[in-house]
Amino acid sequence: EHFRKTALVQHEISTTRTVLRNLLPRHVIGLLEQAAEEASAPPPCDKFESVSILFADIVGFTAMSAKLSPQQLVDMLNEIFSLFDRLAMKNKVYKVETIGDCYFCATGIPDRDE
555 EHFRKTALVQ
565 HEISTTRTVL
575 RNLLPRHVIG
585 LLEQAAEEAS
595 APPPCDKFES
605 VSILFADIVG
615 FTAMSAKLSP
625 QQLVDMLNEI
635 FSLFDRLAMK
645 NKVYKVETIG
655 DCYFCATGIP
665 DRDE
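Residue 555 is where the sequence shown starts when you use our numbering, and the numbers rise one by one after that.
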């Protein structure tokens, strides 16, 4: 029983790390992991004066997806999100995630990974 619980906890830790790596910039993950290894308090939060967050969601997506084939739906999302990706790279916007039909990005945050 103890080994099963330990394995379950390790799996949850791994899952959490994967999610964080997909959402946070590398320098933030490094600071969080360092704080965890040292068993210290998390590092202080950064403050930025001018940050914009974009959640772009396709209006009517559910109804639209019912009318399209799976391949048409994937092709449409790929076309839209590829355009967003190109614009994000061109304008140095940090892409946080795409979740279903939602594109999540932020700008005004310095990139310390460069």
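Glycine included, every Cβ here is placed at the ideal spot set by N, Cα and C.
With DSSP as the reference, label Val563 as helix, strand or coil. On the sequence shown, residue 563 is found 9 positions in, with the first residue counted as 1. It is helical.
On the DSSP bridge list, what partners appear for Asp611? For this step, residue 611 is matched to residue 57 along the sequence shown. Answer is Cys656, bridged to Asp611.
What does the Cβ neighbour count give for Asp655, buried or exposed, with the cut at 16 atoms within 10 Å? To locate residue 655, count along the sequence shown from 1; it is residue 101. Burial call: buried.
Outcome for Ala642 when other beta-carbon atoms lying within 10 angstroms are tallied against a minimum of 16: Numbered from 1 along the sequence shown, position 88 holds the residue referred to as residue 642. By the 10 Å Cβ count, Ala642 comes out buried.
Cα-Cα separation, Ser623 to Leu608: Numbered from its first residue, the sequence shown carries residue 623 at position 69. Numbered from its first residue, the sequence shown carries residue 608 at position 54. Approximately 28 angstroms between the Cα atoms of the pair.
Of the residues Ser568, Leu631, Ala561 and Pro579, the one placed nearest Ala610, counting alpha carbons only: The residue given as residue 610 occupies position 56 in the sequence shown. Relative to the Cα of Ala610, the nearest Cα in the group Ser568, Leu631, Ala561 and Pro579 belongs to Leu631.
Straight-line gap, Asp629 to Asp639 (C-alpha atoms, nearest Å): The sequence position of residue 629 within the sequence shown is 75, counting from 1. The sequence position of residue 639 within the sequence shown is 85, counting from 1. Between the alpha carbons of Asp629 and Asp639 lies a gap of roughly 15 angstroms.
Just to confirm, are Ala660 and Val582 a CB contact at a threshold of 8 angstroms? In the sequence shown, counting from the first residue as 1, residue 660 sits at position 106. In the sequence shown, counting from the first residue as 1, residue 582 sits at position 28. Not closer than 8 angstroms, so no.
Going by beta carbon distance, what residues of the same chain come within less than 7 angstroms of Arg575, once the five residues before and after it are set aside? Translated into positions along the sequence shown, residue 575 becomes position 21. Ile583.
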